[in-house]
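A short worksheet on the structure shown next.
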Amino acid sequence: LATYRPNSVLGSVLSVTPEVKKAETIEEQPQDFVFDQDRRIVLDAAPKPALASLRWPGRPNLSAGSEGWTSPVVKHPLGSFVAFVSHTSNACNHPFEVWVNGSEQPRGLGALAKSLSMDMRTRDTVWVRMKLEMLMKTAGDDAFDMPMPPDGTVMRMPSLVAAFAHLLKYRIEQLGALAVCDGDTTPMMDALFAKKEPKTGTDGTMSWTVDISNAGSGDDFVLGLKELLLPDGQRRPYSMWLAGVYPRALDGLCKVLSLDMRVIDPAWIGMKLRKLLNFGEPLGDFMARVPGQAKMESYPSTVSYVAKLIIHRYAMLGVLDEYGYPVQQMGVLEIPDGQLKPTGIKALAGKVCKECGNATLIKKDGCEFCTSCGAIGACG
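So the sequence shown is numbered by our numbering: it starts at 527 and just counts up by one.
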């Protein structure tokens, strides 16, 4: 004898429905990092300002010029070049800029030199040494043998970037500017939230990628920014990579900018990127879409456009504005007194003003107006 009991199972198709996780249990982005002692993220609640971390915010104006050193000619199948290193010698020698010169210089080295010049103007010798030693290990498909000064001993260089870093380190050490003395401060090193690039676990982390193409120079590659979430809740890029067809010297630029991204104050990476916006190359200008807009604009080089795109990503995250300036000042990057540029209204060129004698008389609202003294002339 069987008894029929109606239920929801009889007569229905049995199936296994995957469990749907609630929204609050799903993380918005994966962030799985494996940290060792040097790769862990360190974020102080109140970062201390790196007092006078910059000797000069830009190239110093020296009325009498500066002393310099010219490296031996570096000969490579991709092009030959020399490196110029300038320094001041007041109380002690302090190199403040490096240039790459040559009619056939390898593409990308000039941008790397411009970025390193900014590092050389800091008051942190450990910071400069770490960057140079990092570049000296850069390997690529452009390895070659190079005679090293002063005796011309031939050394195998893993890349053009490594050769350039060897020459620069040799000159700075020759000037005694890499020596670390007792009591020396390390403002840039202290401002890092991760000394080495954090490595991910199996879940990975979020990244932002964008395609870049310059038909004139033949560049066609992908720019990728790896991002993490800081303990204070802010999402920040911490590493950049390139993949595709591009000058291999840009690998060195990626390395130094990746370290700059890990400085807790975004004003530092913002300044580094703004310096590259006007970097030009012979026959390297091209038209590209303005980030975040539909219009096209001419850029002086591929490097310039890369810098513009990175600034745009920082603006998307609310860290920098579209001009590369920090949305919120943290005070870690401090420019020495007397080095700030005036931000007042600049006098415009025009006719000679009868009141003050300056050639700053312009038309404003239908009347003649002097931008120097404010005098108002004839109208109509």
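For every residue, glycine included, the Cβ atom is placed at its ideal position computed from N, Cα and C.
* Asked: Taking DSSP as the reference, what is the three-state secondary structure of VAL624?
  -> strand
* Asked: In chain order, what residues of the same chain lie with their CB nearer than 7 Å to the CB of LEU658, ignoring the 5 residues before and after it?
  -> ALA691, LEU694, LYS695
* Tell me whether VAL771 is buried or exposed, calling it buried when 16 or more other Cβ atoms sit within 10 Å of its Cβ. => Its Cβ having fewer than 16 others within 10 Å, VAL771 is exposed.
* Asked: Among GLY594, GLY876, PHE895, which residue has its Cα nearest to the Cα of ILE698?
  -> GLY594
* Asked: In three-state terms, what does DSSP make of GLY744?
  -> coil
* To do: Determine which residues share a DSSP beta bridge with SER733 and list them.
  => In DSSP, SER733 forms a bridge with LYS752.
* Inter-residue spacing [alpha-carbon to alpha-carbon] between MET732 and ALA814 -> 26 Å
* Does the segment 601-615 come close enough to the segment 626-634 to have 3 or more Cβ pairs within less than 8 Å? -> yes
* 6 Å Cβ shell around GLU894 - same chain, five flanking residues per side excluded -> The beta carbon of GLU894 sits closer than 6 Å to the beta carbons of LEU887, GLY903, ALA904 from its chain, once the five residues preceding and following it are set aside; these are given in chain order.
* Asked: Mapping DSSP to helix, strand and coil, what is HIS692?
  -> helix
* What do you get for GLY870, buried or exposed, if any count of 16 or more other CB atoms within 10 angstroms of its CB means buried? -> Bear in mind that the predicted position of GLY870 carries a pLDDT of just 46, short of 50, making it unreliable; the figure below should be weighed with that in mind. Exposed, since its Cβ has fewer than 16 Cβ neighbours within 10 Å.
* With a cut-off of 8 Å on the beta carbons, I'd call LEU661 and ARG761 a contact; round off their distance for me. => About 28 Å; that fails the 8 Å criterion.
* Asked: Applying the criterion that 16 or more other CB atoms from any shown protein chain within 10 Å of the CB defines a buried residue, is MET681 buried or exposed?
  -> exposed
* Straight-line CA distance for GLY796 to ARG633? -> 23 Å
* Short Cβ contact (7 Å threshold) for ASP777 with THR596 -> The beta carbons of ASP777 and THR596 sit no closer together than 7 Å.
* Asked: Helix, strand or coil for PRO713 per DSSP?
  -> helix
* To do: Locate the alpha helix (DSSP H) running through TYR840, then write down its first and last residues.
  => Note, TYR840: alpha helix (DSSP H), 828-842.
* Please list, in chain order, all residues of the same chain as LEU785 whose beta carbon is under 6 Å from its beta carbon, the five residues on each side excluded. => none
* Taking the continuous beta strand (DSSP E) assigned at SER641, which residues delimit it? -> Element bounds for SER641: not the beta strand (DSSP E) but the alpha helix (DSSP H), 635-646.
* Under a Cβ-count criterion, where at least 16 other Cβ atoms within 10 Å of its own Cβ denotes burial, should SER824 be classed as buried or exposed? -> It counts as exposed.
* To do: From the DSSP output, in three-state form, read off ALA904 for me.
  => In the three-state DSSP reduction, ALA904 falls in the strand class (E or B).
* When ILE790, GLY678, ASP737 are compared against LYS721, the one with the closest alpha-carbon -> When ILE790, GLY678, ASP737 are compared, the shortest CA-CA separation from LYS721 is found for ILE790.
* To do: Have a look at GLY759, ILE738, SER641 and flag the residue whose alpha-carbon is nearest the alpha-carbon of LEU749.
  => ILE738
* **Boundaries (first-last residue) of the alpha helix (DSSP H) holding ARG655** => 651-662
* Beta-carbon gap between PRO763 and LEU755 smaller than 7 Å -> The answer is no: Cβ separation not under 7 Å.
* Could you tell me whether the segment 828-839 touches the segment 804-811, using the rule of 3 or more Cβ pairs below 8 Å? => yes
* Quick one: what's got a C-beta closer than 7 Å to GLY850's C-beta in the same chain, skipping five residues either side? -> Taken in chain order, the residues that qualify are GLY796, LEU799, ARG800, ILE837.
* Asked: When burial is assigned at 16 or more other CB atoms within 10 Å of the CB, is MET822 buried or exposed?
  -> exposed
* For the beta strand (DSSP E) that MET822 lies in, which residues bound it at each end? -> 822-825
* Using only alpha-carbon positions, find the residue among MET714, GLY591, GLU753, VAL654 that is nearest to TYR840. => GLU753
* Buried or exposed for GLU553, please, with buried defined as at least 16 other CB atoms from any protein chain shown within 10 angstroms of its CB. => Summary for GLU553: the model assigns pLDDT 45, below 50, so the residue's position carries little reliability, and this model does not support an answer.
* Asked: Hey, which unbroken runs of the alpha helix (DSSP H) at 4 residues or more fall wholly within the segment 761-808?
  -> Runs found: 776-787, 792-802.
* If you draw a straight line from the C-alpha of THR735 to the C-alpha of SER612, how long is it? -> In a straight line, the C-alpha of THR735 is about 37 Å away from that of SER612.
* Using the C-alpha atoms, what's the distance from LEU642 back to MET623? -> Looking at the sequence shown, residue 623 is not Met but Glu. Approximately 8 Å, taken between the alpha carbons.
* To do: Would you check if the distance between the CB atom of MET683 and the CB atom of MET672 is smaller than 7 Å?
  => yes
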